[in-house]
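Colleague: What follows is a structure written as structure tokens; I'll ask about it next.
Number of protein chains: 2
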Amino acid sequence: MFAYITTAGQMKANKSLTVPDSSTEEKIKNAARRIFHKKGFAATRTRDIAAETGINLALLNYYFRSKQKLFDIIMLETMQGFLQSIKGVFNDELTSFDHKITAIVNNYIDLLIAQPDIPLFILSELKTNPQDLLGKIGMKDILMKSHFLKQFKEAVKAGKIAPIHPMHFIMNLMSMAVFPFVASPMIMGLGELSQKDFNELMTQRKVLIPKWIKALLKAK
Amino acid sequence: MFAYITTAGQMKANKSLTVPDSSTEEKIKNAARRIFHKKGFAATRTRDIAAETGINLALLNYYFRSKQKLFDIIMLETMQGFLQSIKGVFNDELTSFDHKITAIVNNYIDLLIAQPDIPLFILSELKTNPQDLLGKIGMKDILMKSHFLKQFKEAVKAGKIAPIHPMHFIMNLMSMAVFPFVASPMIMGLGELSQKDFNELMTQRKVLIPKWIKALLKAK
DNA sequence: GTCTATAACGTGATAGAC
DNA sequence: GTCTATCACGTTATAGAC
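Sequence lines, in order, name chains A and B. Plus 3 on top of the position in the first sequence (first one is 1) and you've got this note's numbering. Plus 3 on top of the position in the second sequence (first one is 1) and you've got this note's numbering.
Right under this line is the structure:
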């Protein structure tokens, strides 16, 4: 048996209890996450990850066997983390439709201000990699079978909002919250904004977007 | 003097008159454009471009000297083409604010249905490459000093629309039109949509987005 | 202008000592 | 577990014949 498999297995099993975040394996993953998120799979060199970790290239392969395997782990964890942050909101049966909109927008924008590289990373890699990932992490069901979407459809039936394809609604919500982060180099360039200016605008959007979404849902 | 420089110069000078699109240089550029747009700089191999062109790798370097130089040309032309398609609309002094919104959305969506890889390509590469490109093609002035944006500011002053930072308006417009194409793998995966379904939705958005934009501009 | 052959280099991965 | 040294391979780029 290989050491890297055993180690990885142990880590998964009881990560928070026994294995400190400063273990070598975790340090490698943290470095890999930073660099993969920033440059994508193809532009990332394993040597850079090793250097950023402060270890040797051989040791990286000792733990993770190959660049691809390390990447797959990071990719999966990234998507799970991204999903985890809003999973609860979508299926909370106790909150109103309007409240969910606000909660989702706030969650997304807070997450993306903290980790702005994530959406472009996910979208870029999803384009080339096996799309099974979407199914593997159960994203489809969490979103499309959610209480949130059920509430949307009910509001349409009740005539409270204009009848549009649910996907238009999802796209509008994601677009307005996520796209600015994907396009931030262009937006900051065009508007001559500093990083601080940009984050300021995004913080404003936490309250603006829910307002806008509600307005356009009623547009005839 | 090197042949590739002379040839490139001649081509730029009177492209549409003397040099047919089926010249070797143009064929290489067309192949390079397809592959760069699809896979980005780092994941593209010059061998693939040569093969797709139907020529030899050595000949590619004879014309363009290096992968980077060929990429720079494609990148510049792509951004110019992207800008060109809406440049006229932005500064047409004869059309109304509302009409410009419709025209911009229609232009964008038609362009992106035909060439869906462009936005993710531009945004990915803009992140790593010198942002001077934005200045070099004059994008900033065309957008930020446009008659369109002037009309927006006037409408705000006249109290016709809610007072928000102009960048919010630009972001909303671009987000709703462009983001779905950036996120199409995810959107098609989540909604179980075929390419045809997706394009159908995007076509619907040509009339929906202007309506939505107008509604949210008035949201208080 | 176009090709074949090959050089020059970068990168992922492994062997083997400690 | 961690290192140094090196292999093996893929990729960019060039030399030189035609």
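Ideal placement from N, C-alpha and C gives every residue a C-beta, glycine not left out.
1. Among 165(A), 153(A) and 129(A), which has the Cα closest to the Cα of residue 74(A)?
2. Ends of the alpha helix (DSSP H) at residue 88(B)?
3. Here's the rule I'm using: 16 or more other beta-carbon atoms within 10 Å means buried, otherwise exposed. How should residue 28(A) be labelled?
4. List the residues of chain B whose Cβ lies closer than 7 Å to the Cβ of residue 166(A), in chain order.
5. With residue 64(A) as the anchor, note down where its alpha helix (DSSP H) starts and where it stops.
6. Taking its Cβ as the centre, do 16 or more other Cβ atoms sit within 10 Å of residue 13(B), making it buried, or is it exposed?
7. Quick one: what does DSSP say residue 199(A) is sitting in, helix, strand or coil?
8. Put residue 113(A) into one of helix, strand or coil per three-state DSSP.
9. How big is the Cα-Cα spacing for residue 216(A) and residue 222(A)?
10. Put residue 258(B) into one of helix, strand or coil per three-state DSSP.
11. Using 8 Å for Cβ pairs, my map puts residue 136(B) next to residue 78(B). What's the rounded Cβ distance?
12. Determine the direct distance from the alpha carbon of residue 124(A) to that of residue 41(A), and round the result to whole angstroms.
13. Straight-line CA distance for residue 190(A) to residue 158(B)?
14. Chain B beta carbons: is any one of them nearer than 8 Å to that of residue 218(A)?
15. Just to check my reading of the structure: residue 95(B) and residue 150(B) have Cβ atoms closer than 8 Å, yes? What is that Cβ distance to the nearest angstrom?
16. If you reduce the DSSP assignment to three classes, tell me which class residue 138(B) lands in.
17. List, in order along the chain, the chain A residues whose C-beta lies closer than 8 Å to that of residue 77(B)?
18. What does the Cβ neighbour count give for residue 203(A), buried or exposed, with the cut at 16 atoms within 10 Å?
19. Residues in its own chain within less than 7 Å of residue 183(B) by CB, not counting five upstream and five downstream?
20. Do you know how far the Cα of residue 38(A) is from the Cα of residue 122(A)?
21. Report the start-end ranges of each alpha helix (DSSP H) in the segment 27–61 of chain B that is 4 residues or longer and not cut off at the edges.
22. Which residues, taken in chain order from the segment 174–198 of chain B, show a beta carbon closer than 8 Å to some beta carbon of chain A?
23. Residue 134(A) CB to nearest chain B CB: under 8 Å?
24. Is the number of C-beta pairs between the segment 101–121 of chain A and the segment 161–170 of chain B that are closer than 8 Å three or more?
25. Residue 149(B) by DSSP, collapsed to three states: which one?
26. At a cut-off of 7 Å, is residue 181(B) close to the ligand NAD when judged by its beta-carbon and the heavy atoms of the ligand?
27. Where does residue 4(B) fall in DSSP's three states?
28. Thinking C-alpha only, which one of 214(A), 186(A) and 213(A) is nearest residue 201(A)?
29. Using the three-state DSSP reduction, which class does residue 118(B) fall into: helix, strand or coil?
30. Anyone know if the C-beta pair for residue 193(B) and residue 142(A) falls short of 8 Å?
31. Could you check whether residue 212(A) and residue 108(A) sit closer than 8 Å to each other, using their CB atoms as the reference points?
32. Leaving out five residues before and five after residue 83(A) in sequence, what residues of the same chain have Cβ atoms less than 6 Å from its Cβ?
33. Please report how far the alpha carbon of residue 87(B) lies from the alpha carbon of residue 97(B), in whole angstroms.
34. Does residue 162(B) have its Cβ less than 8 Å from a Cβ in chain A?
Modeller: Let me lay it out:
1. 129(A)
2. 70–93
3. buried
4. In chain order: nothing, as chain B lies at least about 12 Å away.
5. 60–67
6. Only weak support exists for where residue 13(B) lies, its pLDDT of 37 falling under 50; the coordinates are left without a value.
7. helix
8. helix
9. 10 Å
10. In the structure as shown, chain B starts at 4 and stops at 223, and residue 258(B) therefore has no counterpart that could be examined.
11. 7 Å
12. 7 Å
13. 22 Å
14. yes
15. 7 Å
16. helix
17. Simply none; closest approach about 17 Å.
18. exposed
19. 190 and 205
20. 14 Å
21. 27–46 and 49–56
22. 174, 175, 177, 178, 179, 181, 182, 183, 185, 186, 188, 189, 190, 192, 193, 194, 195 and 196
23. yes
24. no
25. coil
26. The model on display carries no ligand, and the ligand NAD is accordingly not part of it.
27. Note on residue 4(B): pLDDT 32, under 50, position unreliable in the model; no value is reported.
28. 186(A)
29. coil
30. yes
31. yes
32. 140
33. 19 Å
34. no
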